[in-house]
Amino acid sequence: MKHIKEASWIRSPRNFLGSVTTFTREISFDKDIKKAYLEASALGVYAAYINGKKVGDAYLAPGWTEYAERIQVETCDVTAMLTGRDTVEIELAPGWKCGMSPAWAGNIKAKPVSPSLGACEAAAIFALTVEFTDGSEQVFTSGSSWLAERSKYLESGIYDGYVYDANFTDPEPLPAQEIFHTKDTLVDRIGERITAHERLPVKEIIITPKGETVLDFGQNMTGFIEFRIKGKKGERALIEHGEVLDKDGNFYRDNLRSAKARAEFVCDGEERLMTPEHTFFGFRYARLTGWSDGIKPENFTAVVVHSELRRTGYFECSDERVNKLFGNIIWGQKGNFLDVPTDCPQRDERLGWTGDAQVFVKTASYNFDVERFFEKWLADLRTAQRPWGGVPHVIPDVFDPDMFSSAAWADAVTVCPWQMHLTYGGSEIIEKSLDSMKRWIGYIDMFIRDGIWRVGRHFGDWLNLEHDSNGPCDVGVDKDLIATAFYIYSSELLIKSIELCGGDAEEYKANRQRSIEAFRREYMVGGKIRPEYETQTACVLASHFGISPDVAETAAQLNDLVTACGHLKTGFVGTPYLLHVLSDNGYAETAYSLVLREEYPSWLFSVKMGATTIWEHWDSLRADGSMWSIGMNSFNHYAYGSVADWLYGDAAGIKTDESAPGFKHIIFAPLTDGRLSYVKASIESRYGVIGSEWHTENGVTEYTFTVPEGCTASVILGGKTAEIGPGVHKFN
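Sequential numbering of the sequence shown, starting at 367, is according to the numbering used here.
Right under this line is the structure:
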């Protein structure tokens, strides 16, 4: 940042709630340009234009942060866009600042961002700097010299979409209103920009049994529809977005709850190409009404929008159903990694839930390079953490400050930084997060009674199947058991983090051991979970977190539970570790059976039902075409996509070594299964591409491992270990 702090925050002098304001100024100069750049930010979202052309290729800038503490600044080179006689426009939309759904009103906290700015008002700040070849410069900063007018976006919001009137012109532009708001919160952009990616054509135009005209783009995605339209002056054309069709084949969007998720265009009789800027939708289908032009597929394109993440992980095998599942996981991550790791992109929620992020972070870091993405999000988590150590459910935080912190959700404060360390190496993210980790463990210590976390409210093993699937989402597995297990796990990660940073962790080790012993007394008999607490998730946590005095016996108990019913019963808490516990303890066949199972409940059930992303529920759409529920039923909810880290780490066998993080030393330990003839995976690390594949033919399995330069690896096959260096290595 160079000159933006010399600018003033500005807003519209008239508060057109929910609409977009355009700030305009004519600029001129007569010298030769050396360089020109625009620094801009907003409490809301903005888009900049010079002479009618968009500046940069980012959408929804500057992203979503803890506004009271950090607001990102985007800097764009505009040298080639200036002529010396130029019109500069900044569009300011409500974005996340003003767009919280009324459905959450009971939970939203009063957290004023600025004493000069209402809760439903947006503001912008920017500076255009022109450097000349003679060494001088001219700076055009936001202030009352800019003209403010209501734009053709008469309505614009994250949840409700937009109304664009091509006929509208503000009859009374006025000078922008300067407001007092601190500039100390302005920071250079940390996270990845939100940009457009794939462009999807219409796959099919459907006339439903109700006579609706529906576009099918063939893929559940996040973004918007770019469309060409003419129409007659004053006609209103409407696009409504949805994820699925109902069992009768009609357009369905009850699961969006209160989100209108619509794009409304008022025609002026001229042909136009409409590319919206200030919102996004989660959808596969779009219902059209009011299109007098006639509906041609070539006039509609679905534009995929998400954070600019580089793809790093790939997986394929001989079972096309599993390949489709993996593809759905990739699409689920793209659809929900839009500046923050949201739970879902379609309904009146779209929040950065900590629980979803921590269960998926390992998979996320293999699929894409998410180091900067999580660096930004974790900075907001640390900012939002309560003074007493509690961690909000969602980041950025929009909930009541007195709301409880839940085990397995708030544990994102330890799990996510540690996974960044394991995947990418280095200790900087741990050093930044260490105090936050300590405060979280200190918060839990206030509620520990005789080693057990007994006081608190938790989400439990969210959406598990240990009870009637139509019942409450948080019952079925003892919540104190889960909370205590995660206290033990987070304490372990904190201990490792302290020691990584050269500190003394003896006190935390003692407290952790106290809780391990209490857990064993309370919930276990020998190496087994007591009958009154016996669930798949209880066995998973006791095994995976090293709590059980006999992990082999606990894993055997888990295997017995799974084989007895033939399927998984785990929810958000148990599912990420379920397959690992089985395969790590000699039950790889059972793990593979769960992965390859096609009947409900399973990962492949959704594939069988035509899913193109990961569902929130194991049966979001049932075999008879009915819905699990209306109130909470997302068809793009990435949490259960955490199974991909098992595909990478066990089926393909690519594992990290904690003593040499960032894949400096790789462990190859693939587990084969007769139901697959080959598995192939790769992860691009900081050192280069790591590869693992195996092929079985006529009872003989050949393995190929690729080690990048500067790395070493251990190959574990058939109980034997071989050490290898850089290059491509084959084993039989």
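All residues carry an ideal CB built from backbone N, CA and C; glycine is no exception.
Residue range of the alpha helix (DSSP H) that includes residue i
| i | result |
| --- | --- |
| ARG687 | 686-702 |
| PHE739 | 737-750 |
| GLY525 | First, the amino acid is wrong: residue 525 is Tyr here, not Gly. From DSSP, TYR525 is part of no alpha helix (DSSP H); its letter is neither H nor E. |
| ARG878 | 872-889 |
| ILE491 | Segment 489-498 is the beta strand (DSSP E) holding ILE491; no alpha helix (DSSP H) there. |
| GLY721 | 720-733 |
| GLY808 | 794-811 |
Residue i beta carbon near the ligand ADP (any heavy atom closer than 8 angstroms)
| i | result |
| --- | --- |
| MET587 | As for the ligand ADP, it is missing from this structure, which has no ligand bound. |
Proximity to residue i [Cα-Cα], best of the options
| i | options | result |
| --- | --- | --- |
| PHE583 | GLY952, GLY615, ARG650 | ARG650 |
| ASP714 | ARG878, GLU601, HIS607 | HIS607 |
| PHE593 | THR390, ASN621, GLU637 | GLU637 |
| VAL896 | LEU566, GLN923, ILE810, GLY422 | First, the residue type needs correcting, since residue 896 is Arg and not Val in the sequence shown. Out of LEU566, GLN923, ILE810, GLY422, GLN923 has the C-alpha closest to the C-alpha of ARG896. |
| GLY718 | LEU691, PHE681, GLY693, VAL757 | VAL757 |
| PHE726 | LEU744, PRO707, ARG738 | PRO707 |
| SER385 | SER522, TYR618, THR1022 | SER522 |
| ASN586 | LEU970, GLN712, VAL479 | GLN712 |
| GLY808 | ASP844, THR789, ILE854 | ILE854 |
| ALA427 | THR495, THR941, THR678, ALA459 | ALA459 |
| LYS599 | VAL553, GLY557, GLY656 | GLY656 |
| GLY615 | ARG653, ASP634, GLU865, GLU900 | ARG653 |
| ILE491 | PHE498, LEU520, THR441 | THR441 |
| TRP1012 | PHE382, SER949, SER1080, ILE1082 | SER949 |
| ARG988 | SER972, THR978, ILE980, ASN1002 | SER972 |
| LEU934 | GLY952, VAL529, THR956 | THR956 |
| SER863 | HIS644, ASP801, VAL947 | ASP801 |
Short Cβ contact (9 angstroms threshold) for residue i with residue j
| i | j | result |
| --- | --- | --- |
| ILE437 | SER407 | yes |
| ILE456 | ALA414 | yes |
| ILE1049 | CYS1077 | no |
| ASP443 | GLU392 | no |
| ILE560 | ASP705 | yes |
| ALA774 | ILE882 | no |
| GLY527 | PHE617 | no |
| ALA629 | PRO642 | yes |
| ALA1005 | PHE938 | yes |
| PRO1027 | LEU744 | no |
| ALA373 | ALA488 | no |
| VAL1099 | ILE591 | Any question about residue 1099 goes unanswered here, given that the chain covers just 367 to 1098. |
| TYR943 | TYR732 | no |
| VAL421 | ALA532 | no |
| PHE1029 | ARG1052 | yes |
| LYS804 | LEU860 | yes |
Classification of residue i by the beta-carbon crowding that lies within 10 angstroms, buried from 16 upward
| i | result |
| --- | --- |
| THR507 | buried |
| GLY1084 | exposed |
| VAL1066 | exposed |
| ILE573 | exposed |
| ALA476 | In this prediction, ALA476 scores a pLDDT of 47, lower than 50, which makes its location untrustworthy; no coordinate-derived value is stated. |
| SER1008 | buried |
| ALA446 | exposed |
| GLN902 | buried |
| VAL781 | buried |
| VAL821 | exposed |
| ALA876 | exposed |
| ASP846 | buried |
Boundaries of the beta strand (DSSP E) in which residue i is found, first to last residue
| i | result |
| --- | --- |
| THR588 | 579-595 |
| VAL439 | 437-443 |
| VAL505 | 503-507 |
| PHE631 | 628-632 |
| GLU898 | Where GLU898 is concerned, there is no enclosing beta strand (DSSP E), given that its DSSP letter is neither H nor E. |
| LEU944 | Not the beta strand (DSSP E): LEU944 falls in the alpha helix (DSSP H), residues 941-950. |
| GLN543 | 543-545 |
| CYS683 | 679-683 |
Residues near residue i by beta carbon distance below 7 angstroms, same chain, minus five either side
| i | result |
| --- | --- |
| HIS983 | LEU829, TRP994, ASN999 |
| VAL1094 | THR1070, THR1072 |
| LEU1042 | CYS683, SER684, ASP685 |
| THR495 | LYS368, HIS369, ALA402, TYR403, GLU503, VAL505 |
| TYR790 | GLU737, GLY1028, ARG1052 |
| THR979 | ASN586, ASN694, TRP697, GLY698, GLY701, PHE1001, ASN1002 |
Contacts around residue i, its chain only, beta-carbon distance under 6 angstroms, and the 5 residues preceding and following it disregarded
| i | result |
| --- | --- |
| ARG716 | THR708 |
| CYS905 | ILE895, THR920, GLN923, LEU924 |
| PHE389 | ILE456, TRP512, ALA514, ALA542 |
| ALA562 | VAL669, VAL671 |
Own chain partners of residue i with C-beta closer than 8 angstroms, once the 5 adjacent residues on each side are dropped
| i | result |
| --- | --- |
| LEU970 | ARG687, VAL688, LEU691, VAL961, LEU962, ARG963, GLU964 |
| THR499 | LYS397, ASP398, ILE399, LYS400 |
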